[in-house]
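For the protein sequence lines, the chains are A and B, in the order given.
Numbers 1 to 432, taken from full-length UniProt numbering, label the letters of the first sequence in order.
Numbers 1 to 148, taken from full-length UniProt numbering, label the letters of the second sequence in order.
Please read the structure below before turning to the comments.
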Amino acid sequence: MTEASDETARRAEESARRAVVAVWRIESARIVATLTRYTGDFALAEDLAQDALTDALDQWPAQGVPRNGAAWLTSVGKRKAIDAWRRQERFAQRVAAMGLDLEQEQDRAADAVPWDPDEIDDDVLRLVFTACHPVLSQQARVALTLRVVAGLETTEIARAFLVPVATIQQRIVRAKQALADANVPFETPPRAERQQRLGAVLGVIYLIFTEGHAATAGEDWLRPELSREAIRLARQLVALQPEEPEVHGLLALMELTAARFPARVDAHGEPVLLADQDRRRWDRGAIRRGKAALARAESFGRGLGPYALQATIAQAHADASDLASTDWARIVAAYEGLERVAPSPIVTLNRAVAVSMAPEPEGGPAAALAIVDGLAGEKALAMGHLLPSVRGELLARLGRADEARDAFALAAERTQNVRERAVLLARAAAGR
Amino acid sequence: MQYMLIMRSDDAAVEAFKEMPFEQVIEAMGKYNESMINAGVLVAGEGLSDASEGFVVDFTADPPLVTDGPYGETKELFNGFWILEVASKEEAAEWAKRCPLGPGAKLEVRRVHGAEDFPADNEWIQKEEGWRAEQTAKQAAQAPGGSD
């Protein structure tokens, strides 16, 4: 074979591989959900789906991409389930239990839609609740959600979280074991647990988003692909749970936050604070979508939850052409709302910042400093950089330069983020 | 990354489309749009009204010349678009192939400019690339073992 035809063959193979991955991204949740319903075993279904994906990666490059890739993958997964049951001599038992001729069923035309359109959404929703089940650690929920709901490859998840591939593999194996050990049923939670369990799902999605836009460790300030993944998950959840205001609230918050991404890092890769951002670079489309989502959350008239309240704050920024013309009273009110529904010292600290921007006498740096100093004993803030960083800012505005410098230096010492530290050290030096 | 699916049809396809039962068209397109909304990929999309209702503003002349009707001698008319947020070019292609269109219709698929289109000498991009290379090397080194 010539080098040129080698190259052509390699390209064709790569293109087929990417086509498999693309179908997988779109269909994995429905395939895993369908196989879970079929086998009654989430962990087994996930294995079967991954095996089917491996088969597709082996076969599609040679045989071409089938017309209905989802049907192909689901059918291969079902065949593998039957093989597994045969090996365990449980085949007859399963057939009797399900009252189905499984062999016949899986021979049906591969072009047919492999699931009942009226039921598949419910199954995907069950899958979401399973992946975010409280028996799992937060890390396990994140990994499992990205893999089974979002259809990411293990290597992609590992790269996004800066951990070795083996770590993510282990997390997923252990998570499936934990679900099996706890006998977690494949169902949407009972009414009494529903709000709490939905909260857990929203928490996982938001964690994925924040990991993308405010990296907790390392040198990277923005990993937008993770944030986009979270937004995509939230849009899926909106379609599955349109009657839940906080789902819209979370989507609104993430769209409005992501709208600022194009302005958050300067040409040198340094973070740009809200005050200095070029607002012309904000993504107007994302702002429009975020505002629409927030309007839907508000339209239920049941009061706003924590995500919708944070979205209200983000919208106040999106509506303003600069910091000075921002409706700070609206932001302070939203923080007060947050302190009622989800009280935390961080929220109070943020309210203090908003108060410092609002007009005097209710607002201004002196009023804000009083709130901040009231937080001095809070354990949750004792080790972090936020409290001294905000104090430094307020003290600088009040002309108390020496105290401001000390506060910025303390904040720089405490932050884990290398780039944030650089910003804080610059502030400390500026006070000299 | 975002892709725009631009729907183009020749005259025959446009005429054939007008013959199709309206309900059937609405249902097929509705299902298609719904599938993209449910997957969280549909960012925007609109259908355009008949090209004869449109007009063209031509900047070759000064002041620009306004002419009624579709653009020039074109054999294909633009009649709608979608903007999708997807993970890859192949995913955009997969969604495009699912569009309920018939003979004479085409989808032109174009990537929408994004933050990734910053100039290559941008320091941020360089840092990111360096960081990615480093991570790949680290992962390769740690692949056999690794722990939580």
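Where is the CB? At the ideal position from N, CA and C, for every residue including glycine.
* **Neighbourhood of A:Arg-421 by C-beta distance below 8 Å, restricted to the same chain and skipping five residues each side** => To locate residue 421 of chain A, count along the first sequence from 1; it is residue 421. Ala-412, Thr-415, listed in sequence order.
* To the nearest angstrom, report how far apart A:Leu-226 and A:Ala-367 are at their CA atoms. => As a position in the first sequence, residue 226 of chain A is number 226, starting the count at 1. As a position in the first sequence, residue 367 of chain A is number 367, starting the count at 1. Going by the C-alpha atoms only, they are around 38 Å apart.
* Asked: From the DSSP output, which residues share a beta bridge with B:Ala-105?
  -> The residue you call residue 105 of chain B lines up with position 105 of the second sequence. The partner list for B:Ala-105 (beta bridge, DSSP) reads B:Ser-9.
* Residue range of the unbroken alpha helix (DSSP H) whose run includes A:Asp-406 -> Your numbering for residue 406 of chain A matches position 406 in the first sequence. It spans 401-414 - the alpha helix (DSSP H) in which A:Asp-406 sits, taken as one unbroken run.
* Of all the CB atoms in chain A, is at least one closer than 7 Å to the CB of B:Met-38? -> What you label residue 38 of chain B is simply residue 38 of the second sequence in a count that begins at 1. Per the sequence shown, residue 38 of chain B should be read as Asn rather than Met. The beta carbon of B:Asn-38 sits closer than 7 Å to some beta carbon of chain A.
* Asked: By how many angstroms is the C-alpha of A:Glu-243 removed from the C-alpha of A:Arg-302?
  -> As a position in the first sequence, residue 302 of chain A is number 302, starting the count at 1. As a position in the first sequence, residue 243 of chain A is number 243, starting the count at 1. In a straight line, the C-alpha of A:Arg-302 is about 12 Å away from that of A:Glu-243.
* **Three CB pairs or more closer than 8 Å across the stretch 254-267 of chain A and the stretch 62-72 of chain B** => no
* From B:Cys-99, B:Lys-31, B:Val-41, residue whose alpha carbon lies closest to that of A:Gln-236 -> Here the question's residue 236 of chain A lines up with position 236 in the first sequence. Considering only alpha carbons, the answer is B:Val-41.
* Range covered by the beta strand (DSSP E) that runs through B:Glu-90 -> Numbered from its first residue, the second sequence carries residue 90 of chain B at position 90. Run containing B:Glu-90: none in the beta strand (DSSP E); it sits in the alpha helix (DSSP H), 89-97.
* To do: Compare the C-beta of B:Ala-87 with all C-beta atoms of chain A and state if any pair is closer than 7 Å.
  => The sequence position of residue 87 of chain B within the second sequence is 87, counting from 1. So yes, B:Ala-87 belongs to the interface.
* Report the rounded CA-to-CA distance for B:Glu-23 versus A:Leu-294, giving the unit in angstroms. => Translated into positions along the second sequence, residue 23 of chain B becomes position 23. Translated into positions along the first sequence, residue 294 of chain A becomes position 294. Going from the Cα of B:Glu-23 to the Cα of A:Leu-294 covers about 32 Å.
* Asked: CA-CA distance, A:Ala-131 and A:Glu-27?
  -> Taking the first residue of the first sequence as 1, we reach residue 131 of chain A at position 131. Taking the first residue of the first sequence as 1, we reach residue 27 of chain A at position 27. Distance between the alpha carbons of A:Ala-131 and A:Glu-27 is about 16 Å.
* Is B:Phe-59 helix, strand or coil by DSSP? -> Mapped onto the second sequence, residue 59 of chain B falls at position 59. Coil.
* chain B within 7 Å of A:Val-23, Cβ atoms only -> On the first sequence, position 23 is the one that residue 23 of chain A refers to. Interface residue, yes.
* Asked: Counting contacts by CB-CB distance shorter than 7 Å, is B:Cys-99 in contact with chain A?
  -> Counted from its first residue, the second sequence places residue 99 of chain B at position 99. Not closer than 7 Å to any Cβ of chain A, the Cβ of B:Cys-99 fails to qualify, so no.
* **Where the beta strand (DSSP E) through residue 234 of chain B begins and ends** => As shown, chain B starts at 1 and ends at 148. That puts residue 234 of chain B outside it, with no answer to give.
* Check the Cβ of A:Gln-236 against every Cβ in chain B and list those closer than 8 Å, keeping chain order. => Position 236 of the first sequence, counted from the first residue, corresponds to residue 236 of chain A. Asn-38, Ala-39, Gly-40, listed in chain order.
* Output, in sequence order along the chain, the residues in the stretch 272-300 of chain A whose CB is closer than 8 Å to any CB in chain B. => Closer than 8 Å at the C-beta level to chain B, one finds these residues of the stretch 272-300 of chain A: Gly-285, Arg-289.
* Between B:Glu-15 and chain A, is there a C-beta pair that is closer than 7 Å? -> By 1-based counting over the second sequence, the position of residue 15 of chain B is 15. It does not; no Cβ of chain A falls within 7 Å.
* Asked: Who are the neighbours of A:Ala-19 on chain B, taking C-beta pairs under 8 Å?
  -> Looking up residue 19 of chain A in the first sequence gives position 19. What A:Ala-19 touches in chain B: Glu-90, Ala-93, Glu-94.
* The beta strand (DSSP E) spanning A:Val-247 covers which residue range? -> Mapped onto the first sequence, residue 247 of chain A falls at position 247. Careful: A:Val-247 lies outside any beta strand (DSSP E), inside the alpha helix (DSSP H) at 245-258.
* To do: For B:Gln-2, write down the residues that DSSP places opposite it in a beta bridge.
  => Reading the second sequence from its first residue, position 2 is the one you call residue 2 of chain B. Paired residue(s): B:Glu-85.
* To do: Have a look at A:Gln-138 and A:Arg-171 and give me their C-alpha separation to the nearest angstrom.
  => On the first sequence, residue 138 of chain A is found 138 positions in, with the first residue counted as 1. On the first sequence, residue 171 of chain A is found 171 positions in, with the first residue counted as 1. Each residue's alpha carbon lies about 11 Å from the other.
* Whether A:Ala-409 touches A:Ala-396 by CB criterion (7 Å) -> As a working note, residue 409 of chain A is residue 409 in the first sequence. As a working note, residue 396 of chain A is residue 396 in the first sequence. A:Ala-396 is positioned such that its CB atom lies no closer than 7 Å to that of A:Ala-409.
* **Residues of the stretch 226-251 of chain A with Cβ closer than 9 Å to any Cβ of chain B, in chain order** => Arg-228, Glu-229, Ile-231, Arg-232, Leu-233, Ala-234, Arg-235, Gln-236, Leu-237, Val-238, Ala-239, Leu-240
* Identified DSSP bridge partners for A:Ala-316 -> Within the first sequence, residue 316 of chain A is the residue found at index 316, counting from 1. None, per the DSSP bridge assignment.
* Secondary structure at B:Val-43, three-state DSSP: helix, strand or coil? -> Here residue 43 of chain B corresponds to residue number 43 of the second sequence, with the count starting at 1. In the structure shown, B:Val-43 falls within a strand segment according to DSSP collapsed to helix, strand and coil.
* Asked: Are A:Arg-197 and A:Pro-185 closer than 7 Å when you measure CB to CB?
  -> Position 197 of the first sequence holds residue 197 of chain A. Position 185 of the first sequence holds residue 185 of chain A. Their beta carbons are not under 7 Å apart, which means A:Arg-197 does not touch A:Pro-185 by this criterion.
* Could you please give me the residues that DSSP links to B:Leu-65 through a beta bridge? => Taking the second sequence and counting its residues from 1, one reaches residue 65 of chain B at position 65. B:Leu-65 is bridged to B:Asp-58.
* Asked: For residue 189 of chain B, which of helix, strand or coil comes out of DSSP?
  -> Nothing can be reported for residue 189 of chain B: it is not among the residues displayed for chain B, which extend from 1 to 148.
* Asked: Taking Cβ to Cβ, would you say B:Glu-91 is nearer than 7 Å to A:Ala-45?
  -> Numbered from its first residue, the second sequence carries residue 91 of chain B at position 91. Numbered from its first residue, the first sequence carries residue 45 of chain A at position 45. Contact flag unset, no.
* For A:Pro-271, the three-state DSSP class (helix, strand or coil) -> Position 271 of the first sequence holds residue 271 of chain A. DSSP, read as helix, strand or coil, puts A:Pro-271 in strand.
* Reduced DSSP secondary structure (H/G/I, E/B, other) of A:Val-163 -> For the purposes of this step, residue 163 of chain A is taken as the residue at position 163 of the first sequence. A:Val-163 falls in the coil class under three-state DSSP.
* Asked: Opposite A:Val-184 in the DSSP bridges: which residues?
  -> Looking up residue 184 of chain A in the first sequence gives position 184. Looking at the DSSP assignment, A:Val-184 forms no beta bridge with any residue, so it has no partner.
* Can you list, in chain order, the residues of its chain whose CB lies under 7 Å from that of A:Arg-296, leaving out five sequence neighbours each side? -> What you label residue 296 of chain A is simply residue 296 of the first sequence in a count that begins at 1. Only His-248 meet the Cβ criterion.
* My understanding is that A:Leu-240 touches A:Ile-205, with C-beta atoms under 8 Å, so please give their C-beta distance in whole angstroms. => Numbered from 1 along the first sequence, position 240 holds the residue referred to as residue 240 of chain A. Numbered from 1 along the first sequence, position 205 holds the residue referred to as residue 205 of chain A. Wrong, their Cβ atoms sit about 12 Å apart, outside the cutoff.
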